[in-house]
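Asker: So in our numbering, spot 72 of the sequence shown is number 699, and the numbers just go up one at a time.
Submitted below is the structure of interest, expressed as C-alpha cells.
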Amino acid sequence: MTTTSTTTSTTTTETSGHQHGPRMDFYKHAPEVRKAMFALSKAANDGVDPVIGELVKIRASQLNHCAFCIDMHVKDARKAGESEARIYLLSAWEEATGYYTEKEQAALALTEAITVLTDGFVPDEVYERAARHFSEEELAHLIAAIIVINSWNRISVSTRVQPGSYQP
C-alpha cells in the first residue's frame, strides 16, 4: 500500500506539472523558427502601444500558465515604468476599477477571448468593444500581437522553458 501510494503521489506530481525541468532547447533545434518568430513579433508589435502590448503579453501568459513569459514581460513592464499595482492586479483587471483605461480593458478582453477561445470564437461584443477603441490598423496589429504571444507561450510551456534567467 505504501508503494502504491508513493507511486500514485509521484505520478500525480509529475503529471500535474509541479516538479519538472526543461525538456529541450527548442531554438537550438529550430533556429529558423526562432528567427521567424522574432520577425513576426516585431511586425505585430510595431503597431501596438507599448504599454498595452506588455499588459496583453502578461495577461495571455497568465492564462496560458507560461511562467517564463510572465517573468519576462513583468520585468519588461517594470523597466518601462509600469506600476506594481497594475502588474499585480492584471489577473483581476475586470474588478480593478480605475486601474486600467477603457482602451486597455478592451485590449485585455480581446486578449482573453483570443487566448482562451472556449466557445470556438471571439464574441462579437468583445470584438466590437475593441474596434471602438482601436483603428483597423491598430486592431489588426493588436490581434497579431495576441496571436504571437500565444505562440511564444505554447513553445515555452511545451518545452518547459524555465523562468528567471531573462534580463531586460
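Ideal Cβ positions, reconstructed from N, Cα and C, are used throughout, including at glycine.
Everything numeric in this text was worked out from a predicted model, so none of it was measured.
#1: Go ahead and pull the three-state DSSP assignment for A740.
#2: Who are the near neighbours of R756 in its chain, counting only those whose CB is closer than 7 Å to its CB and skipping five residues on each side?
#3: Measure the alpha-carbon distance for V678 versus G708 and round it to whole angstroms.
#4: On the three-state DSSP scale, how would you describe V788?
#5: Would you kindly report the start and end of the unbroken alpha helix (DSSP H) that includes I656?
#6: Taking the alpha-carbon of F665 as reference, which of K702, A772 and H760 has the nearest alpha-carbon?
#7: Check R650 in the structure and name its three-state DSSP category.
#8: Given a cut-off of 8 Å, decide if H700 and E681 are closer than it, judged by their beta-carbon atoms.
#9: What span of residues does the alpha helix (DSSP H) with Y715 cover, start to end?
#10: For K669, is the classification buried or exposed, using 16 other Cβ atoms within 10 angstroms of its Cβ as the cut-off for buried?
#11: Ends of the alpha helix (DSSP H) at S688?
#12: Relative to the C-alpha of P649, which candidate in D746, Q789 and Q794 has its C-alpha closest?
#13: Within 10 angstroms of the Cβ of S785, are there 16 or more other Cβ atoms? Answer buried if so, exposed if not.
Answerer: Based on what the coordinates show:
#1: Position 113 of the sequence shown, counted from the start, is the residue given in the question as residue 740. Here A740 sits in helix by DSSP.
#2: Residue 756 sits at position 129 when you count from the first residue of the sequence shown. Cβ neighbours of R756 beyond the five flanking positions: A733 and A736.
#3: Position 51 of the sequence shown, counted from the first residue, corresponds to residue 678. Position 81 of the sequence shown, counted from the first residue, corresponds to residue 708. So the two alpha carbons sit approximately 9 Å from each other.
#4: Translated into positions along the sequence shown, residue 788 becomes position 161. In this structure, V788 counts as coil in the three-state DSSP scheme.
#5: Sequence index remark: in the sequence shown, residue 656 carries index 29 (1-based). Per the sequence shown, residue 656 should be read as His rather than Ile. H656 -> alpha helix (DSSP H) spans F653 to H656.
#6: Here residue 665 refers to the residue found at position 38 when the sequence shown is read from its first residue. Nearest C-alpha to F665: A772.
#7: The sequence position of residue 650 within the sequence shown is 23, counting from 1. Reduced to three states, the DSSP call for R650 is coil.
#8: As a first step, residue 681 must be located in the sequence shown, where it is residue number 54. As a first step, residue 700 must be located in the sequence shown, where it is residue number 73. Closer than 8 Å, so yes.
#9: In the sequence shown, residue 715 corresponds to position 88, counting from 1. E711 to Y715 is the span of the alpha helix (DSSP H), which, as asked, contains Y715.
#10: Here residue 669 corresponds to residue number 42 of the sequence shown, with the count starting at 1. K669 is exposed by the Cβ-count criterion.
#11: If you number the sequence shown from 1, residue 688 lands on position 61. Looking at the DSSP string, the run of the alpha helix (DSSP H) that includes S688 is P677 to L690.
#12: On the sequence shown, residue 649 is found 22 positions in, with the first residue counted as 1. The shortest Cα separation from P649 among D746, Q789 and Q794 belongs to Q789.
#13: As a position in the sequence shown, residue 785 is number 158, starting the count at 1. When all chains shown are included, S785 counts as exposed.
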